[in-house]
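Only one structure is covered here, and it is reproduced in the block below.
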Amino acid sequence: MNVTTILLTGEDASDFADFDHGDTRFVFDRLTEAGPQRLLDGPVCAFVDWVMDELSGLEMCRRLRADPRTADAHITMVLEGCDPEDKRRALAAGADDYMVGPTDRTTVLDRVLALGTGRAAAVSTQPFQLGDLEIDLPALQARWQGKPISLRPNEFRLLRFFAENADRVMSRTELIDGLGKQDPPIDERTVDVWIGRLRRALRKVGAGEPIRTVRSLGYVYDSH
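Structure (structure tokens):
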């Protein structure tokens, strides 16, 4: 099944249930000032509130455009009124569209479904590069200095999440949350097994030991 990720800055986003439509599953997640906290599968649609707690919606829009993970997202600015100047500023900051809030799950889904095969349907084909590590998302292939890394799907997702959050110590719980909803749910022992396999695969292609254990805290992927 295909996946489209819907990011919202509103606090209730985490409570929205996923929605299946045809062969596509629409997955909701909360977007904070820290940026996406999980893997972004498939096309991305972001709904950004004009006013946020820690920063403005305009600044969040600029950050999304500067982040390789969300640079091609379809961004809708959720305004508090119909001020023409606010609309102009939203588009100038990088938004594709705007709407007047408040939003709810049905309103957001209607907007996303109406996009059809437009910009939101385009998945980035640019490989993600971190030093000698290259992650080719369309091909579901990771390479080290051009050598393919033999990985199972879950280990590939784990490596991708590590790479996108390089030099940040993450607990097992953060890693589980970052990989997104899984059925059946992932437990911490499974994460340790995947990391063990991932380490062996990296050593096999000459990558050494970029994944470091931080005692009592979790793991970190060292980019240097």
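If you read the sequence shown in UniProt numbering, its first letter stands for residue 1, the second for the next number, and so on.
Note that CB positions come from ideal geometry on N, CA and C, so glycine has one too.
query: Can you tell me whether E209 is buried or exposed? The criterion is at least 16 other CB atoms within 10 Å of its CB, across all chains shown.; result: exposed
query: Counting only the same chain and skipping the five closest in sequence on each side, list residues whose C-beta sits under 7 Å from that of V78.; result: F47, V48, D49, W50, M99, G101 and T103
query: T76: buried (16+ other C-beta within 10 angstroms of its C-beta) or exposed?; result: buried
query: Starting from the C-beta of A201, find all residues in its chain whose C-beta is less than 6 Å away, skip the five residues before and the five after it, and write them out in chain order.; result: I149, S150 and L151
query: Tell me whether F16 sits in a helix, a strand or coil according to DSSP, three-state version.; result: coil
query: Can you have a look at P36 and say buried or exposed, based on whether 16 or more other CB atoms are within 10 angstroms of its CB?; result: buried
query: Just to confirm the assignment, what range does the alpha helix (DSSP H) spanning M60 have?; result: G57 to A66
query: For D24, which beta-bridge partners are listed by DSSP?; result: Correcting the residue type first, residue 24 is Thr in the shown sequence and not Asp. DSSP lists N2 and H21 as partners of T24.
query: Is the CB-CB distance between C61 and A93 below 7 Å?; result: yes
query: Since L8 and L31 are thought to touch, with beta carbons under 8 Å apart, how far apart are those beta carbons, to the nearest angstrom?; result: 6 Å
query: Whole alpha helix (DSSP H) runs in the UniProt DNA-binding region "OmpR/PhoB-type" (125 to 223) with 4 or more residues, listed along the chain?; result: 153 to 164, 172 to 178 and 188 to 204
query: Return the chain-ordered list of same chain residues with a C-beta closer than 7 Å to the C-beta of L55, the five sequence neighbours on each side being excluded.; result: E33
query: Out of G10, R168, L217 and V27, state which residue places its alpha-carbon closest to the alpha-carbon of A17.; result: V27
query: Measure the alpha-carbon distance for R25 versus L179 and round it to whole angstroms.; result: 16 Å
query: Taking only the alpha-carbon atoms, compute the straight-line gap between G118 and D132 and give it to the nearest angstrom.; result: Bear in mind that the predicted position of G118 carries a pLDDT of just 44, short of 50, making it too unreliable to give a figure here.
query: To the nearest angstrom, how far is the alpha carbon of E134 from that of F162?; result: 12 Å
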